[in-house]
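See below for the structure under consideration.
Structure (structure tokens):
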């Protein structure tokens, strides 16, 4: 993997200054860290993550550089990125300390966006869903090709309807999505429901 756009800040303050100046226009950076066994004082991964969260950024893939260094990819959050419970707790602590910046606070709304409901394993399909799928062979094939967790998302979303007309509408919408081979969820390329 070729590392482009690298930055080796050395200190938390230097990383925060970089983010302050570039968080809005940069598409990402490979942050270079010293490995712990070097014994040299340097920016830690936890410090880097905290500063990234302050500016609405998140960590990504890690890449070994050599025996002394590694790089971690940091990028701006996307609307579909999920907040882990750990990152929520870190961000809440940073907010209480007054360290969060407006760009980081803007993502707070995403915390309350719940994942689509999932049916329990072995749940029966909601009334009318299986018949609707079998009436559309492409939708049926696409549904059966989904991983079980994604099948349960469809079943949970349809099954959580409180009114009959809502359930019927969701069955029709699910078939339309499955005809296009779309998944529901919060991830990249998934349809939010």
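In full-length UniProt numbering, the protein residues as written are 1 to 193. Glycine included, C-beta positions come from ideal geometry on N, C-alpha and C. On a predicted model such as this, the values are computed, not experimentally measured, just so you know.
Going by DSSP in three states, residue i sits in which element: helix, strand or coil?
i: residue 72; result: strand
i: residue 10; result: coil
i: residue 55; result: coil
i: residue 63; result: strand
Could you tell me the alpha carbon to alpha carbon distance between residue i and residue j, rounded to whole angstroms?
i: residue 73; j: residue 146; result: 30 Å
i: residue 100; j: residue 136; result: 49 Å
i: residue 150; j: residue 10; result: 42 Å
i: residue 82; j: residue 98; result: 23 Å
i: residue 160; j: residue 51; result: 39 Å
i: residue 184; j: residue 65; result: 37 Å
i: residue 156; j: residue 67; result: 48 Å
i: residue 26; j: residue 76; result: 8 Å
Got a sec, what are the start and stop residues for the alpha helix (DSSP H) residue i sits in?
i: residue 30; result: Not the alpha helix (DSSP H): residue 30 falls in the beta strand (DSSP E), residues 29-34.
i: residue 167; result: 164-179
i: residue 151; result: 148-159
Assuming residue i and residue j form a contact by the criterion Cβ under 8 Å, report the distance between their Cβ atoms to the nearest whole angstrom.
i: residue 15; j: residue 42; result: Not quite, the Cβ-Cβ distance comes to about 11 Å (not below 8 Å), so this is no contact.
i: residue 39; j: residue 104; result: Contact doesn't hold; Cβ gap of about 32 Å is too wide.
So, do the stretch 33-40 and the stretch 92-111 have three or more beta carbon pairs nearer to each other than 8 Å?
No, the stretch 33-40 is not in contact with the stretch 92-111.
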